[in-house]
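Below is one structure, written out as structure tokens; the observations come after it.
Protein chains in written order, with my numbering: chain G, 4 to 91; chain U, 47 to 382.
Have a look at this one:
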């Protein structure tokens, strides 16, 4: 049974997070280092293929760390709601 | 905890999986077994900061670990470090200070595939400060009996379902209110930095602001404060050397002074709840904070660099294991 609370990898929230378009506050060192390094790597190479790679990496990290990311998942959920709200 | 060589021999004989930190002379007296180790003669023990050639700091890998695998990595093999990790795992790594593996890991670890997926924690082995340049830091694989001043030694540990490892950084430093600056390229040294869009001599800048070189540079990594310690500043040759690399695109500030290291550490550690399975600290904090004989709340080897995914300076790193089974069940069944 897949009980993940993560948004689908196709969700635009992942691109927002790895490019720094949206901010996620975390006390988790892995998440903070991941997001910071992703932003740096995106700045250096903003190509779609690099963005895809960064999203894949970020998704994998969140998937592995999910059991201890309650606060972060709540924030991601509200970031998604913001996006849906704006579109509506 | 700190133990005598005889006590450590008994622990090895019991078959426990161990991480050991001690002098080369002490570690060489141990038999083969389920352990990895790295040299240092400095420790934060229950009785306070200790410098000892004859005692060994022992960290026991959680007894409920379901699989443990020891591997050694030459510098060029380190990018595959996380590909070799086990499922629901954490990775302990010890790297000899000043080795090719140390330099490579410091520079490239943030780009290794999977480096942030599972905890990678450990330390950079060192030597007694009076013997720098005369002795070389070394790592030991108790499994194979190998001793190396070149390669990293790694213990991949798989945890049972419901247990989850998490890393924490204890940092007593805060960014100062001075200039924000960046560096045009990465490396363990820099000649120039960028301040307000202008490229200037970093050594001269530090001299002009009368910077106390015991205070590190700090950078805000999405809310986690990462330090880079200063090794030397030479205004004549315009060269500033660091204990960890600086990276382009990262904004740094020099840290605020810490007036009382002991109080600062105690208060920082107090904020980190939960019992740690492993922790280690930095020789620079031990030295600058004059921590010998003083209790800070930190227990573990004092090292030439801490590793929490990537190389850190002037912090302490803690590994805690959380029980996530209850939380996960609550989430699945909608009870929490």
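For each residue, glycine too, the CB sits at the ideal point set by N, CA and C. What you are looking at is a predicted structure, and each value in this text was computed from that prediction instead of being measured.
- [ ] Check the Cβ-Cβ distances between residue 74 of chain G and every residue of chain C, and say whether any is below 8 Å.
- [x] Within the model displayed, chain C is absent; protein chains G and U are what it includes.
Task: When U:342, U:252, U:329, U:280 are compared against residue 316 of chain U, the one with the closest alpha-carbon - done: Locating residue 316 of chain U in the second chain gives position 270, counting from the first residue. Checking every option, the nearest Cα to that of residue 316 of chain U belongs to U:342.
- [ ] Along the beta strand (DSSP E) that carries residue 67 of chain G, what are the first and last residues, could you check?
- [x] Position 64 of the first chain holds residue 67 of chain G. Counting along the chain, residue 67 of chain G falls outside any beta strand (DSSP E), though it belongs to the alpha helix (DSSP H) covering 51-68.
Task: Inter-residue spacing [alpha-carbon to alpha-carbon] between residue 226 of chain U and residue 66 of chain G - done: As a first step, residue 226 of chain U is located in the second chain; it is residue number 180 there, counting from the start. As a first step, residue 66 of chain G is located in the first chain; it is residue number 63 there, counting from the start. Taking the straight line joining both Cα atoms gives about 35 Å.
- [ ] Mark residue 270 of chain U as exposed unless 16 or more other C-beta atoms lie within 10 angstroms of its C-beta, in which case mark it buried.
- [x] Here the question's residue 270 of chain U lines up with position 224 in the second chain. Looking at its Cβ environment, which holds 16 or more other Cβ atoms inside 10 Å, residue 270 of chain U is buried.
- [ ] Could I get the ranges of all uninterrupted beta strand (DSSP E) runs contained in the stretch 184-252 of chain U, with 3 residues as the minimum, in chain order?
- [x] 185-187, 192-194, 198-204, 209-216, 233-236, 238-241, 244-247
Open item on the list: Let me see if you follow: with CB-CB separation under 8 Å, is residue 10 of chain G close to chain U or not?
Closed with: Here residue 10 of chain G refers to the residue found at position 7 of the first chain. Chain U, which has no Cβ nearer than 8 Å to the Cβ of residue 10 of chain G, makes this no.
TODO: Would you identify the three-state DSSP class for residue 70 of chain U, choosing helix, strand or coil?
DONE: Locating residue 70 of chain U in the second chain gives position 24, where the first residue counts as 1. Residue state, collapsed to three classes: helix.
TODO: Only counting runs of 4 or more residues, tell me where the alpha helix (DSSP H) segments fall wholly within the stretch 49-94 of chain U, in order along the chain.
DONE: 51-59, 70-73
Task: Endpoints, alpha helix (DSSP H) assigned at residue 308 of chain U - done: Working through the second chain from its first residue, we reach residue 308 of chain U at position 262. It spans 307-316 - the alpha helix (DSSP H) in which residue 308 of chain U sits, taken as one unbroken run.
Task: At least 3 beta-carbon pairs within less than 8 Å: the stretch 290-302 of chain U vs the stretch 137-145 of chain U - done: no
Open item on the list: With a threshold of 8 Å between beta-carbons, can residue 53 of chain G be considered close to chain U, or not?
Closed with: Sequence index remark: in the first chain, residue 53 of chain G carries index 50 (1-based). So no, residue 53 of chain G is outside the interface.
Open item on the list: DSSP three-state label for residue 78 of chain G, please.
Closed with: To locate residue 78 of chain G, count along the first chain from 1; it is residue 75. Reduced to three states, the DSSP call for residue 78 of chain G is helix.
Task: chain G within 8 Å of residue 267 of chain U, Cβ atoms only - done: For the purposes of this step, residue 267 of chain U is taken as residue 221 along the second chain, with counting starting at 1. Output row for residue 267 of chain U: interface = yes.
Task: Whole-angstrom distance between residue 100 of chain U and residue 19 of chain G, CA atom to CA atom - done: Looking up residue 19 of chain G in the first chain gives position 16. Looking up residue 100 of chain U in the second chain gives position 54. Looking at the two C-alpha atoms, the distance is approximately 53 Å.
TODO: Give the interface partners of residue 29 of chain G over in chain U, defined as CB-CB distance under 9 Å, in chain order.
DONE: Looking up residue 29 of chain G in the first chain gives position 26. Result: 268, 269, 270.
Open item on the list: Give the list of continuous alpha helix (DSSP H) stretches no shorter than 4 residues that lie fully inside the stretch 101-187 of chain U.
Closed with: 146-154
Open item on the list: When you compare the CB of residue 356 of chain U with every CB in chain G, is at least one pair closer than 8 Å?
Closed with: Within the second chain, the letter at position 310 stands for residue 356 of chain U. Yes, because at least one Cβ of chain G sits closer than 8 Å to the Cβ of residue 356 of chain U.
Task: is_contact[residue 168 of chain U, chain G] using C-beta, thresh 8 Å - done: Working through the second chain from its first residue, we reach residue 168 of chain U at position 122. Not one chain G Cβ lies under 8 Å of residue 168 of chain U.
Open item on the list: For residue 260 of chain U, list the residues DSSP reports as bridge partners.
Closed with: Residue numbering aside, residue 260 of chain U sits at position 214 when the second chain is read from its first letter. According to DSSP, residue 260 of chain U bridges with nothing at all.
Task: Between the CA atoms of residue 77 of chain U and residue 47 of chain G - distance to the nearest angstrom - done: Taking the first chain and counting its residues from 1, the one referred to as residue 47 of chain G is at position 44. Taking the second chain and counting its residues from 1, the one referred to as residue 77 of chain U is at position 31. Distance between the alpha carbons of residue 47 of chain G and residue 77 of chain U is about 49 Å.
- [ ] Can you pull the chain U residues whose beta carbon is under 9 Å from the beta carbon of residue 67 of chain G, in chain order?
- [x] Locating residue 67 of chain G in the first chain gives position 64, counting from the first residue. Within chain U, the residues near residue 67 of chain G are 134, 160, 162, 163, 164.
Task: Rounded C-alpha distance that separates residue 160 of chain U from residue 338 of chain U - done: Within the second chain, residue 160 of chain U is the residue found at index 114, counting from 1. Within the second chain, residue 338 of chain U is the residue found at index 292, counting from 1. Each residue's Cα considered, the two are about 38 Å apart.
Task: residue 369 of chain U - DSSP class collapsed to helix/strand/coil - done: Along the second chain, one-based indexing puts residue 369 of chain U at 323. Three-state result, residue 369 of chain U: strand.
Task: Opening and closing residue of the alpha helix (DSSP H) in which residue 333 of chain U lies - done: Along the second chain, read from residue 1 onward, the residue named residue 333 of chain U stands at position 287. Per DSSP, residue 333 of chain U belongs to the alpha helix (DSSP H) from 329-334.
Open item on the list: Going by DSSP, what residue range makes up the beta strand (DSSP E) through residue 348 of chain U?
Closed with: Stepping through the second chain from its first residue, residue 348 of chain U is reached at position 302. Note, residue 348 of chain U: beta strand (DSSP E), 346-349.
Open item on the list: Tell me which residues share the same chain as residue 57 of chain U and place their Cβ nearer than 8 Å to its Cβ, disregarding the 5 neighbours each side in the sequence.
Closed with: Here residue 57 of chain U refers to the residue found at position 11 of the second chain. Around residue 57 of chain U: 49, 64, 104, 106.
- [ ] Return the residues of the stretch 109-142 of chain U that lie within a Cβ-Cβ distance of less than 7 Å from chain G, sorted by chain order.
- [x] none
Open item on the list: Is residue 18 of chain G close to chain U? Criterion is C-beta to C-beta, closer than 8 Å.
Closed with: Sequence index remark: in the first chain, residue 18 of chain G carries index 15 (1-based). Judged by the 8 Å Cβ criterion, residue 18 of chain G is not in contact with chain U.
Task: Touch test, the stretch 182-202 of chain U against the stretch 261-278 of chain U, Cβ-Cβ under 8 Å, three pairs minimum - done: no
- [ ] Note the first and the last residue of the continuous alpha helix (DSSP H) segment covering residue 18 of chain G.
- [x] Indexing the first chain from 1 puts residue 18 of chain G at position 15. Element bounds for residue 18 of chain G: 15-22.
TODO: Say whether chain U places a C-beta atom closer than 8 Å to the C-beta of residue 49 of chain G.
DONE: Looking up residue 49 of chain G in the first chain gives position 46. It does not: the Cβ of residue 49 of chain G has no partner Cβ on chain U nearer than 8 Å.
Task: residue 31 of chain G vs residue 71 of chain G beta-carbon contact at 8 Å - done: Residue mapping note: residue 31 of chain G aligns to position 28 of the first chain, counting from 1. Residue mapping note: residue 71 of chain G aligns to position 68 of the first chain, counting from 1. Their beta carbons are under 8 Å apart, which means residue 31 of chain G touches residue 71 of chain G by this criterion.
Task: Buried versus exposed, by CB contacts within 10 Å (16 or more), residue 86 of chain U - done: Position 40 of the second chain, counted from the start, is the residue given in the question as residue 86 of chain U. It counts as buried.
Task: Cross-chain neighbours of residue 185 of chain U in chain G, by beta carbon under 7 Å - done: On the second chain, residue 185 of chain U is found 139 positions in, with the first residue counted as 1. The premise fails here: residue 185 of chain U is roughly 24 Å from chain G at the closest Cβ pair, so nothing lies under 7 Å.
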